[in-house]
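Protein sequence lines correspond, in order, to chains A and B.
When you read off a place in the first sequence, starting at 1, and then add 19, the result is the number in our numbering.
When you read off a place in the second sequence, starting at 1, and then add 19, the result is the number in our numbering.
For glycine and all other residues, C-beta sits at the position ideal for the given N, C-alpha and C.
Small disclaimer: the values here were computed from a predicted structure and weren't measured.
Written out below as structure tokens is the structure these notes cover.
There are 2 protein chains.
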Amino acid sequence: MPARRHPSSLGVGGLTMALRHAVLAVLLDGEYSGYQLAKIFDVSFSNFWYAVPQQLYAELAKLERAGLIAGRQVIQHDRPNKRLFTVTPAGLAELAAFAAVPSKPSSIREDLLVMVQAVDRLDPAPVIAQLEERAGIAAAKVELFDRTLRQLRGDLTEETFLRESDQIGPYLTCLRGRRFEQENREWCEWVAALLRARAPVPG
Amino acid sequence: MPARRHPSSLGVGGLTMALRHAVLAVLLDGEYSGYQLAKIFDVSFSNFWYAVPQQLYAELAKLERAGLIAGRQVIQHDRPNKRLFTVTPAGLAELAAFAAVPSKPSSIREDLLVMVQAVDRLDPAPVIAQLEERAGIAAAKVELFDRTLRQLRGDLTEETFLRESDQIGPYLTCLRGRRFEQENREWCEWVAALLRARAPVPG
DNA sequence: GATGGCATGTAAAGGGTTACATGATTAG
DNA sequence: CTAATCATGTAACCCTTTACATGCCATC
Numbered sequence: 020m021p022a023r024r025h026p027s028s029l030g031v032g033g034l035t036m037a038l039r040h041a042v043l044a045v046l047l048d049g050e051y052s053g054y055q056l057a058k059i060f061d062v063s064f065s066n067f068w069y070a071v072p073q074q075l076y077a078e079l080a081k082l083e084r085a086g087l088i089a090g091r092q093v094i095q096h097d098r099p100n101k102r103l104f105t106v107t108p109a110g111l112a113e114l115a116a117f118a119a120v121p122s123k124p125s126s127i128r129e130d131l132l133v134m135v136q137a138v139d140r141l142d143p144a145p146v147i148a149q150l151e152e153r154a155g156i157a158a159a160k161v162e163l164f165d166r167t168l169r170q171l172r173g174d175l176t177e178e179t180f181l182r183e184s185d186q187i188g189p190y191l192t193c194l195r196g197r198r199f200e201q202e203n204r205e206w207c208e209w210v211a212a213l214l215r216a217r218a219p220v221p222g
Numbered sequence: 020m021p022a023r024r025h026p027s028s029l030g031v032g033g034l035t036m037a038l039r040h041a042v043l044a045v046l047l048d049g050e051y052s053g054y055q056l057a058k059i060f061d062v063s064f065s066n067f068w069y070a071v072p073q074q075l076y077a078e079l080a081k082l083e084r085a086g087l088i089a090g091r092q093v094i095q096h097d098r099p100n101k102r103l104f105t106v107t108p109a110g111l112a113e114l115a116a117f118a119a120v121p122s123k124p125s126s127i128r129e130d131l132l133v134m135v136q137a138v139d140r141l142d143p144a145p146v147i148a149q150l151e152e153r154a155g156i157a158a159a160k161v162e163l164f165d166r167t168l169r170q171l172r173g174d175l176t177e178e179t180f181l182r183e184s185d186q187i188g189p190y191l192t193c194l195r196g197r198r199f200e201q202e203n204r205e206w207c208e209w210v211a212a213l214l215r216a217r218a219p220v221p222g
């Protein structure tokens, strides 16, 4: 049986490039360096994708080799030099092709939910502690997203902004992030209170 | 040069076995075969983790070798034989250790959000189509979860069930899944309508 | 005799996480 | 002098995904 293999193309034919399109989408907003992207994709800030710096530097290199982004060196005297990247026409075409293909719903995979699933047979105390901590983290993200939303829409009301601005994509994804974290917060607080009421723990 | 390392190492012999604990948590509810687990972890059913059958068979083999679960052969005459697995005391201890370690928030990684992020520079029509399709999928999952919740609580009201049952973990995670899908549905519908209003498309 | 559900895997490729590594400049 | 921020990577390992593979039984 001859194994049919794809020549592991560095070029554009790939089907499931995960990070690739997220980076392209962010770079549509403007020029960024790997370091700046790392902050945008940081777990405590990202509203639609998460990645660590190492991933981003590797992906930027691949994207540049594939001609989907172009980098330019920026000499700085007060700090280390950096390279800023922009999306090329080929990169925009790649994004358009990506958006035309039906996407699969993302997997839910959350360690905290695994713990809650098993909580009937475990000591609830550490689970309660983690739920309460997570509720706090979620609340902080809600506030962060609210600040980001205010900044994005400037002086306009949300309604006006969404009707007239030509850059609403980041606003819409930020709104989704806000809703998710708000739900997360409410659920964590509610479950923590419930578990506390059932099996009171000191502290 | 001796180790110059960050003080942020968590210390606990940190292997990040991802699926492992999810499987253990589900097997706490009772005996299941790989095939049955595959249905529970299926994308269209799972409320807190998602995995394909191949992953599960591999993980079950590893868990059994590690002594965290025990399998027993069940001879069937009307259909192929199967192996049912249960959690061993060592497996329960592993879960308890897992629950005691602070968990990190899960990454948000959603192709559809990447498309919305970039929608200002793309043809909105396919994005709108996908948002509407996703809203329908989310609505179906909400209904599925509602049926599951009713089944889990039986004749009891939710309040009574949550106060008195000794198996509320699966119910709580299912509630989280329901909330997530409901949010998803509302956001997708809202964004689709907004994009339609801004750039009317035929159809 | 074809389809569909039950039941269990192997192999290869792709993507993500962790650990390790380097070096500049500014603020305290 | 120390820490923090800026800036960029490499390497190894682990996890996930996709494709391939097998075989039984019941029903239509």
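Item: So with CB distances below 9 Å, who are the chain A contacts of B:Pro-72?; Value: Result: empty, since nearest Cβ-Cβ is about 15 Å, beyond 9 Å.
Item: Against chain B, which members of the stretch 40–52 of chain A pass a CB distance test of less than 9 Å?; Value: His-40, Ala-41, Leu-43, Ala-44, Val-45, Leu-47 and Asp-48
Item: Would you report the Cα separation of B:Phe-117 and A:Val-135, rounded to the nearest angstrom?; Value: 12 Å
Item: Along chain B, which residues have their Cβ under 7 Å away from the Cβ of A:Val-133?; Value: His-40, Ala-41, Ala-44, Phe-67 and Trp-68
Item: Give the secondary structure of A:Leu-87 by DSSP, where H, G and I count as helix, E and B as strand, and everything else as coil.; Value: coil
Item: Below 8 Å, how does it come out for the stretch 200–219 of chain B and the stretch 145–158 of chain B: are there three or more Cβ pairs, yes or no?; Value: yes
Item: Looking at the strands, I want to know which residues DSSP matches up with A:Arg-102.; Value: A:Gln-92
Item: Can you give me the start and stop residues for the alpha helix (DSSP H) that A:Gly-155 sits inside?; Value: 143–172
Item: Just the C-alpha distance for B:Pro-108 and A:Arg-140, rounded to the nearest angstrom, thanks.; Value: 11 Å
Item: Tell me, please, whether the CB atom of A:Pro-108 is closer than 8 Å to any CB atom in chain B?; Value: no
Item: By the 10 Å Cβ neighbour count, where 16 or more other Cβ atoms means buried, how is A:Ser-65 classified, buried or exposed?; Value: buried
Item: Output needed for A:Ala-211: all residues of its chain with C-beta closer than 8 Å, excluding positions within five of it in sequence on either side, in chain order.; Value: Ile-147, Leu-150, Glu-151 and Ala-154
Item: Check each candidate in A:Ala-119, A:Leu-79 and A:Ala-115 and name the one with the smallest Cα separation from A:Arg-102.; Value: A:Leu-79
Item: In chain A, which residues lie less than 7 Å from B:Val-93 when you measure between Cβ atoms?; Value: None at all; the shortest Cβ gap to chain A is about 24 Å.
Item: When we look at the beta-carbon of A:Pro-14 and count the other beta-carbons within 10 Å, is it buried (16 or more) or exposed?; Value: As shown, chain A starts at 20 and ends at 222. That puts residue 14 of chain A outside it, with no answer to give.
Item: Assign B:Tyr-69 to one of two classes, buried (16 or more other C-beta atoms within 10 Å of its C-beta) or exposed (fewer than that).; Value: buried
Item: Mind checking whether A:Leu-132 and A:Leu-168 have CB atoms under 8 Å apart?; Value: no
Item: Kindly identify the DSSP beta-bridge partner or partners of B:Tyr-51.; Value: B:Phe-104
Item: If you draw a straight line from the C-alpha of A:Asp-165 to the C-alpha of B:Pro-121, how long is it?; Value: 27 Å
Item: In whole angstroms, what separates the C-alpha of B:Lys-160 from that of B:Arg-197?; Value: 7 Å
Item: Roughly how far, in whole angstroms, is the beta-carbon of B:Leu-75 from the beta-carbon of B:Val-106, given that I think they are within contact range, below 8 Å?; Value: Their Cβ separation, rounded to whole angstroms, is 15 Å, which puts B:Leu-75 and B:Val-106 out of contact at 8 Å.
Item: Using the three-state DSSP reduction, which class does B:Gln-136 fall into: helix, strand or coil?; Value: helix
Item: Identify whether B:Phe-64 lies in helix, strand or coil by the three-state DSSP scheme.; Value: coil
Item: Tell me whether A:Asp-185 is buried or exposed, calling it buried when 16 or more other Cβ atoms sit within 10 Å of its Cβ.; Value: exposed
Item: Let me confirm a value: B:Gly-173 is counted as buried when at least 16 other C-beta atoms fall within 10 Å, else exposed. Which label applies?; Value: exposed
Item: Quick one: which chain B residues come within Cβ less than 7 Å of A:Arg-129?; Value: According to the sequence provided, residue 129 of chain A is Glu. The question's Arg does not apply to it. Result: Phe-67 and Ser-125.
Item: Starting from B:Phe-199, find everything on chain A with Cβ-Cβ shorter than 8 Å and list it in chain order.; Value: Ile-127, Phe-199 and Glu-202
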